[in-house]
Each structure stands twice: as structure tokens, then as C-alpha cells.
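Notes for the one structure printed next.
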Amino acid sequence: MSRTLLVTGGAGFIGSNFVRLIRRDRPDWTVTNLDALTYSGNLENLADLEGDAKHRFVRGDICDADVVRHLMSECDVVVHFAAESHVDRSIQDSGPFIQSNVLGTQILLDVARAANIDRFVHVSTDEVYGSLPLDQPELKFTEESMLAPNSPYAASKAASDLLVRAAHHTFGMPTIITRCSNNFGPFQFPEKVIPLFVSNLIEDKPVPLYGDGLNVRDWLHVEDHCEAILTVLERGAPGEVYNVGGDNERSNLELTHEILRLMGKGDDMIRRVQDRLGHDRRYAIDSSKLQSELGWKPTRSAWPDALEQTVRWYCDHEQWWRRVKSGAYREYYENQYQGLV
Ligand code: NAD
Ligand code: TYD
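For what it's worth, numbering that gives the first Met the number 0 labels the leading residue of the sequence shown as 0, then goes sequentially.
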């Protein structure tokens with residue numbers, strides 16, 4: 000069935016990988032990509048889609064109901080990525096997180112209801128479940144786990160999940176929520192740990208490891224995540240939540256050692272820095288519902304190969320992350336559209 004998608008946040012890390020997947024695997028689908036190009040939105044992530052008649056980029060804010068209304072009148076499915084996404088930034092200033100993640104999601108829901116949208120996929124995170132202890136490795140988050148967000152970022156995402164849930168319960172909207180573990184892969188903004196560490200090492204700078212380095216994350220390749228989102232979009236049940244994870248838990252110390260090894264650097268490059276406030280100890284996701292009910296499974300996330308490929312991608316795309324770190328990527332939009340859009 001041919002689809003007309005409104006993708007929000009499609010110039011960011013996961014959204015741009017998703018748009019690329021759709022254009023490759025669903026060539027008859029059309030994508031309208033609404034993105035405000037905040038600091039983490041980067042049109043260079045989509046440079047290979049320039050001139051693609053089935054991908055239309057619109058610079059705009061999900062909080063702008065008029066823009067959203069206009070675009071949704073031409074679409075039948077919404078895939079909602081747009082969000083402020085970095086925990087450390089939310090600790091410094093929670094304002095933009097409440098604005099985009101909470102208010103923005105409600106605006107999208109209101110307009111989607113009026114537009115009678117067929118499917119609304121809300122891309123959320125395992126961070127809404129809070130933190131697991133290190134000494135009970137058998138514990139994992141399931142879809143029934145309590146929401147117990149610990150950072151302003153996670154709390155804003157949990158709030159948006161609850162608004163999506165309410166839209167289904169109250170109005171029967173065909174919503175689906177996905178909650179995914181930490182993603183890695185190409186085009187991740189180099190404030191997140193993997194691209195930050197790899198790019199620092201290329202620049203011969205140390206890598207800042209928070210606290211004791213024993214915090215554990217479950218790592219999933221971004222393309223596996225994008226395939227999970229496509230799976231629930233096509234075959235998921237309205238009103239459901241699906242966890243997405245890689246069964247690939249690593250402590251930050253293990254991750255750091257692996258990156259150092261892949262880059263031929265020694266432990267002397269590690270700088271122990273002050274811990275993140277309220278730093279969640281462990282995330283682990285049980286994605287058996289998505290696997291058994293819809294047949295999804297990760298195929299690109301296995302380490303060390305997947306991590307090695309990602310490290311190599313950042314080594315091979317030095318210009319991409321150097322332009323992000325220097326801020327030069329922001330000129331691209333102006334040059335490309337010359338203030339016309
Ligand atoms: P990102 O920061 O790379 O991208 C976010 C995109 O949203 C950017 O392009 C930005 O310009 C856009 N955006 C932000 N506010 C906007 C607004 N008000 N209007 C329009 N566009 C706006 O983030 P990401 O890592 O690609 O994450 C995408 C989604 O996936 C987020 O909802 C995040 O919570 C979720 N998620 C991320 C991870 C992860 O590991 N990165 C894991 C699970 C879930
Ligand atoms: P991050 O990539 O910010 O993702 P999240 O907070 O969503 O899990 O961080 C991943 C882990 O790496 C997290 O436990 C914090 C840690 N970390 C560091 O040790 N140093 C850093 O400079 C950063 C950015 C993260």
C-alpha cells in the first residue's frame with residue numbers, strides 16, 4: 000500500500016536514517032520531512048536525497064499548528080521523531096524539552112486527529128522507564144514496566160508518551176509508541192558518547208568518561224531501529240507500545256576500551272570527569288513483544304563488527320563531523336535555499 004508520510008525531525012540522526020530507509024525500501028512512498036533545524040538538525044544528513052522528487056523538506060516547527068495542519072492535510076501517516084534529545088542539555092535547561100517534546104507532541108496529536116490520520120507512530124525511548132540496578136542482570140524493561148523517568152529529557156518524553164496514550168484512549172486515535180534503547184550509527188550528533196569519543200580521538204583529544212564508567216547502556220544500530228519503526232507502522236496494532244532493543248549491554252568503560260582498541264589508542268586518553276547529575280545506572284530492554292508478534296529482529300547491531308563499522312564511518316566522514324563541531328554545517332541551509340524557504 001502506497002503511503003504519504005509526514006516525518007517530523009527527519010534532519011536529525013535517527014530521522015534522517017529513517018527517511019533514507021523509506022526511500023530505499025518503499026520507493027513508491029512519499030515523504031514530507033518537517034524539521035526546525037535546531038542545533039542537532041543538519042540537512043547535510045540528507046545530502047544524498049537532494050533532487051529526490053519523493054522527499055520534500057520543509058523547515059518548520061512542530062509547535063506551529065498552521066504549518067503542521069497544512070502538511071498533514073496532504074499525508075496519511077505521521078512518524079514523529081522531532082524532539083530535544085540530549086540528557087545533559089536537559090539538565091542545563093529543560094525549557095526547550097518541555098516546548099518541543101511535550102507541547103509539540105500535543106499539537107501534532109490535535110492536528111492529526113482533525114486530519115483523520117491513519118497511523119501516528121511516536122518514537123520514544125527506554126529512558127522513560129528510569130534506571131535498573133547493576134546487581135540484577137536478569138531485570139529488563141518490558142512494556143508493562145512503570146514509567147519512572149529520572150532526567151528532564153526522560154520526563155518530557157514520558158509526558159509525550161502519556162499524551163499519545165490519552166489520544167488513543169479518549170479519541171480512538173490510531174497511535175503506536177516505540178521505546179528504543181541507545182542508538183549508534185552514521186550521522187549521530189557528536190555530543191553523544193560514541194561520535195564524541197571517536198571524533199575526539201581523531202583530534203588526539205582525551206575522552207571524558209562520567210563517574211566510575213560502570214553505567215550500562217543497551218546499544219542498537221540505528222538501521223535496526225528504523226526497521227522496527229517501519230515494522231510497527233505497517234503491522235503494529237493501534238494503541239500498543241513496542242519496546243525496541245539490541246540485547247547488547249555494555250558498560251561505558253567497556254565501550255570506551257573497545258573504541259580505544261579500534262582506534263589504536265591507549266587508556267591514557269581516558270579522562271575521568273564528574274558524573275552526570277542523576278545518571279541512570281543501567282538500561283536494558285526486553286523487545287520480545289516486537290520480535291514474537293511482528294517478527295522484527297536486529298540484524299546489524301552485533302558487536303564488535305557493528306561498532307567497528309560505525310567507528311570507521313566517523314573516520315571516513317571527518318568533514319561531516321568537523322563541520323558539525325565547528326558549526327559550519329549551519330551555513331549549508333542558507334546556501335542551499337538562499338533564505339527562500
Ligand atoms: P536528534 O537530536 O539527532 O534529532 C532531533 C531532530 O528533531 C533534529 O533534526 C531537530 O532539528 C528536530 N527538532 C527538534 N525540535 C523540533 C521542533 N520543535 N520542530 C521540528 N523539529 C524539531 O535526535 P535523535 O537521536 O535522532 O532522536 C530522534 C528521536 O528518537 C527523539 O524523539 C528521541 O527521543 C528518540 N530516541 C533517540 C534515541 C537515541 O539513542 N538517539 C533512542 C531512543 C529514542
Ligand atoms: P549519551 O550518548 O549522552 O546517551 P544517553 O544519556 O541517552 O544514554 O550517553 C551514553 C552514556 O555515556 C551515558 O551513560 C553517559 C555516558 N557519557 C560519558 O561517560 N561521557 C560523555 O561525554 C557522554 C556524552 C556520555
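Just so you know, even glycine gets a beta-carbon here, dropped at the ideal spot from N, CA and C.
Outcome for residue i when other beta-carbon atoms lying within 10 angstroms are tallied against a minimum of 16
{"i": "residue 54", "result": "buried"}
{"i": "residue 170", "result": "exposed"}
{"i": "residue 204", "result": "exposed"}
{"i": "residue 341", "result": "Any answer about residue 341 is impossible in this case: the structure gives the chain only from 0 up to 340."}
{"i": "residue 145", "result": "exposed"}
{"i": "residue 213", "result": "exposed"}
{"i": "residue 39", "result": "buried"}
{"i": "residue 147", "result": "exposed"}
{"i": "residue 32", "result": "buried"}
Nearest-angstrom Cα separation, counted from residue j out to residue i
{"i": "residue 69", "j": "residue 34", "result": "14 Å"}
{"i": "residue 137", "j": "residue 302", "result": "21 Å"}
{"i": "residue 77", "j": "residue 43", "result": "23 Å"}
{"i": "residue 259", "j": "residue 52", "result": "42 Å"}
{"i": "residue 215", "j": "residue 180", "result": "11 Å"}
{"i": "residue 25", "j": "residue 16", "result": "14 Å"}
{"i": "residue 128", "j": "residue 156", "result": "10 Å"}
{"i": "residue 163", "j": "residue 154", "result": "14 Å"}
{"i": "residue 340", "j": "residue 291", "result": "Model confidence at residue 340 stands at a pLDDT of 47, short of 50, so the residue's coordinates are unreliable; what they give is reported in the following sentence. About 44 Å."}
{"i": "residue 195", "j": "residue 112", "result": "40 Å"}
{"i": "residue 75", "j": "residue 2", "result": "7 Å"}
{"i": "residue 168", "j": "residue 270", "result": "48 Å"}
{"i": "residue 345", "j": "residue 72", "result": "Outside the displayed span of the chain (0 to 340) sits residue 345, for which this structure offers no information."}
Heavy atom of ligand 2 within 6 Å of residue i beta-carbon
{"i": "residue 306", "result": "no"}
{"i": "residue 213", "result": "no"}
{"i": "residue 209", "result": "yes"}
{"i": "residue 86", "result": "yes"}
Ligand 1 heavy atom lying under 6 Å from the CB of residue i
{"i": "residue 111", "result": "no"}
Presumed contact (8 Å Cβ cut-off) between residue i and residue j, rounded CB distance
{"i": "residue 20", "j": "residue 226", "result": "7 Å"}
Beta carbon proximity, residue i to chain D, threshold 7 Å
{"i": "residue 54", "result": "The chain inventory of the structure shown lacks chain D, comprising one protein chain alone."}
query: Does the segment 220-240 come within contact of the segment 176-186, defined as at least 3 CB pairs closer than 8 Å?
result: yes
message: For the segment 232-240 against the segment 254-272, do three or more pairs of beta-carbon atoms, one drawn from each stretch, fall closer than 8 Å, so that the two count as touching?
response: no
task: Evaluate the contact criterion for the segment 163-183 versus the segment 98-109: three or more CB pairs, one atom per stretch, below 8 Å.
output: yes
field: contact_flag[the segment 238-249, the segment 283-295] where n(CB pairs < 8 Å) is 3 or more
entry: yes
query: Should the segment 4-21 be called in touch with the segment 73-90, which here means at least 3 C-beta pairs below 8 Å?
result: yes
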